[in-house]
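A short worksheet on the structure shown next.
Residue numbers (the UniProt record's numbering): 1 to 749.
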């Protein structure tokens with residue numbers, strides 16, 4: 001930040017102002033936050049942390065990425081998460097999607113097939129008969145203690161709602177009219193045999209049910225009272241037999257009540273049993289109350305005796321301890337010097353007297369602490385009495401001042417200040433005001449001042465900051481686009497270098513063709529010489545001379561005179577047109593340099609904008625410069641790409657023409673070889689004719705002239721290609737393809 005401010009003021013610091021390739025630091029030697037790798041080799045890569053398993057504290061919302069290790073790229077994982085990007089749960093863990101780390105599976109080690117669970121829902125793979133997420137419960141349609149055994153529910157399909165039962169008791173949920181642990185019996189109030197259970201007569205069953213319910217409630221009360229009596233510990237003595245009989249009767253009552261569908265005789269018997277139980281319960285209650293009173297008195301006496309015994313024990317322990325001390329002193333006196341003991345006793349007596357005197361002095365006399373404390377207390381009371389009126393007067397004055405301040409605060413008008421700061425007059429309650437005000441709080445307990453649609457300083461400042469952030473984002477976007485443009489320029493340069501290499505290869509091929517043409521010329525001269533020697537022989541007959549002339553006339557030159565002339569004119573015109581290459585290259589270079597300069601200015605403007613967010617004009621100017629730089633760079637790239645494409649086309653045409661020239665040259669060489677063989681054959685003939693010799697001589701001269709013209713054509717073409725190569729060396733970019741293309745186009749015409 002400081003280096004950017006100094007650079008904006010024109011002060012040079014030597015610090016790098018804008019690092020590329022995701023680097024940062026004074027010398028751009030380390031990867032930027034959120035990247036890792038080697039900044040020196042420009043290989044800083046994005047962390048790419050998986051936010052589901054990465055610590056949220058290391059993933060700030062402002063930079064939309066996470067911090068990772070700057071060297072290894074390891075992201076900071078939540079508990080139970082692994083992987084360089086924190087994208088996997090650790091072994092025996094699940095729940096990456098929760099965003100709070102992976103939780104242990106905790107699969108039951110006995111009832112599960114493995115310790116690893118499903119990473120999505122945490123379900124363990126259970127053995128047959130067991131279920132639950134961790135396989136620590138019974139499977140569906142089973143019940144029991146999984147630590148002991150799980151049993152099938154076996155619910156009746158006709159009477160049960162479903163085949164599932166209670167996991168602890170095994171009882172099934174029955175349909176209306178069915179009952180029993182398996183729902184295999186008709187319920188109370190229904191008759192018949194399952195699954196044909198019909199409701200009983202409504203009025204009869206209602207009266208019967210009311211009687212049974214009343215008996216059940218009384219039996220329940222008696223059972224509870226019997227349980228309370230049994231809890232008192234009466235298990236032997238004169239009431240033990242009666243309690244046993246009472247429990248038996250209660251058990252019989254419970255059995256009869258549990259049946260519910262009992263007969264009238266059983267109900268009568270149940271009533272008799274309940275009356276007997278109630279009578280015996282009353283007698284036992286009276287006896288129990290009498291025993292409780294006697295027991296309470298015995299407990300009181302026992303407590304008193306226990307307290308007396310405790311005091312006696314304390315006295316005995318104190319006496320024993322004192323006797324032990326005396327015994328120790330006696331043993332000490334026996335085993336020590338008698339006069340020394342007497343002297344020790346005398347000193348102890350003096351110390352006791354001194355302690356007694358000091359205690360007496362501390363309690364009695366005007367200088368004793370007790371007397372001094374009394375004097376201080378009396379003095380404090382006198383001070384309170386004297387200063388009480390002054391205290392009351394000061395209190396009244398302070399109360400009046402407080403009342404005055406309250407009135408001033410009540411009259412204080414903060415409407416204008418609240419309007420300027422928050423955009424609201426402040427006379428509206430905080431709960432109803434959308435703009436808030438002084439002293440207003442939002443639901444989170446934070447100060448509420450300003451907001452959307454509100455004026456005031458707070459809202460204006462927030463809007464300015466938001467616009468500055470938007471401008472900064474635009475500059476970032478422009479910088480990224482300019483970086484891409486630079487990469488495209490680099491790619492164009494690379495392609496131009498490749499085109500240069502191809503042009504050099506084409507030039508080499510042209511030189512080879514030139515050498516082949518020169519060799520062909522030498523061979524042709526030898527052939528003409530042999531033909532002259534043959535024709536100069538007087539033994540050559542007319543048939544041989546005519547045959548030789550026919551073979552020479554059959555030779556075809558790759559280009560006619562008119563074509564050669566046209567080719568020469570076109571080559572010269574194309575060479576003259578190359579004079580504009582320097583200007584084109586200069587303009588292209590200027591465009592590239594201008595794009596680079598504008599890129600640097602855009603970076604400098606962005607650096608200034610980062611340090612002066614509220615300077616809106618600077619942001620706009622930087623954006624305008626960045627856009628202009630981008631347009632200029634794109635124009636330069638398009639022009640360079642067009643030049644490279646033209647060069648490629650010219651190079652392809654040149655290669656095609658060179659291939660054609662090779663084919664023509666091979667055809668000429670084959671023709672020359674045939675003529676050479678014909679000359680060798682004619683040398684064997686001895687007949688000659690002067691007229692035929694003269695004619696053959698003319699034909700040979702014509703052939704020699706054609707060969708010389710062909711040699712000149714190839715020489716001129718080679719010279720033109722060399723001139724193009726020199727022009728390529730003079731121009732700083734690869735334009736040799738243009739020369740070759742021009743020559744090839746002229747040749748094609």
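For every residue, glycine included, the Cβ atom is placed at its ideal position computed from N, Cα and C.
Looking at the DSSP output, residue 81 sits in a beta bridge with 89.
Per DSSP, residue 144 is one residue of the beta strand (DSSP E) stretching across 142-145. In this structure, residue 19 lies away from residue 47, with their beta-carbon atoms at least 7 angstroms apart.
DSSP places residue 113 in the uninterrupted beta strand (DSSP E) bounded by 112-117.
For the pair residue 50 and residue 78, the CB atoms are not nearer than the 7 angstroms cut-off. DSSP, reduced to helix, strand and coil, places residue 137 within a strand of the structure shown. Annotation: residue 452 is outside any beta strand (DSSP E) and is labelled neither H nor E by DSSP.
Per DSSP, residue 200 has no beta-bridge partner at all. Of the residues assessed, residue 293 falls on the exposed side of the cut-off, its CB having fewer than 16 other CB atoms within 10 angstroms. In the three-state DSSP reduction, residue 389 falls in the helix class (H, G or I). Nearest C-alpha to residue 457 among 435, 423, 486: 423. Contact annotation: the segment 171-180 touches the segment 153-162, with at least three C-beta pairs closer than 8 angstroms. With a threshold of 16 other beta carbon atoms within 10 Å, residue 64 falls short and is exposed. Linking residue 44 to residue 21 through their CA atoms gives a straight-line distance of about 7 angstroms. The distance from the Cβ of residue 70 to that of residue 31 is about 5 angstroms, consistent with a contact at the 8 angstroms cut-off.
The residues 53, 80, 81, 82, 95, 96, 102, 119, in chain order, have a CB closer than 8 angstroms to that of residue 89 in the same chain once the five nearest residues on each side in sequence are set aside.
Under the DSSP assignment, residue 152 falls in the beta strand (DSSP E) whose first and last residues are 149-152.
By the beta-carbon neighbour count (other beta carbons within 10 angstroms, threshold 16), residue 85 is buried. In the three-state reduction of the DSSP assignment, residue 436 falls in the strand class, which pools E and B.
Secondary structure at residue 164: strand, using DSSP grouped into helix, strand and coil.
The residue among 248, 114, 180 with its C-alpha nearest the C-alpha of residue 105 is 114. The beta carbons of residue 129 and residue 140 sit no closer together than 7 angstroms. For residue 150 against residue 138, the beta-carbon gap comes to about 4 angstroms, under 8 angstroms, which counts as contact. In this structure, residue 181 lies away from residue 190, with their beta-carbon atoms at least 7 angstroms apart. When the five nearest sequence neighbours on each side are left out, the beta carbons in the same chain lying within less than 8 angstroms of the beta carbon of residue 430 are those of 436, 437, 439, 440, 441, 448, in order along the chain. In the DSSP assignment, residue 35 is bridged to 46. Per the coordinates, the alpha-carbon of residue 450 lies some 33 angstroms from the alpha-carbon of residue 478.
Counting along the chain, residue 97 sits inside no beta strand (DSSP E), nor does DSSP assign it H or E at all. For residue 126, the uninterrupted beta strand (DSSP E) run begins and ends at 124-126, by DSSP.
If you check the CB distance, residue 195 and residue 184 do not come in under 7 angstroms. Partner residues in the beta bridge of residue 130, as assigned by DSSP, are 138.
Remark: C-beta atoms of residue 110 and residue 143 do not approach each other more closely than 7 angstroms. Distance check between residue 460 and each of 220, 419, 472, 123 places 419 closest, using alpha-carbon atoms only.
DSSP places residue 70 outside both helix and strand once states are collapsed to three, so it counts as coil.
Counting the other CB atoms within 10 Å of its CB gives residue 211 a total below 16, which places it among the exposed residues.
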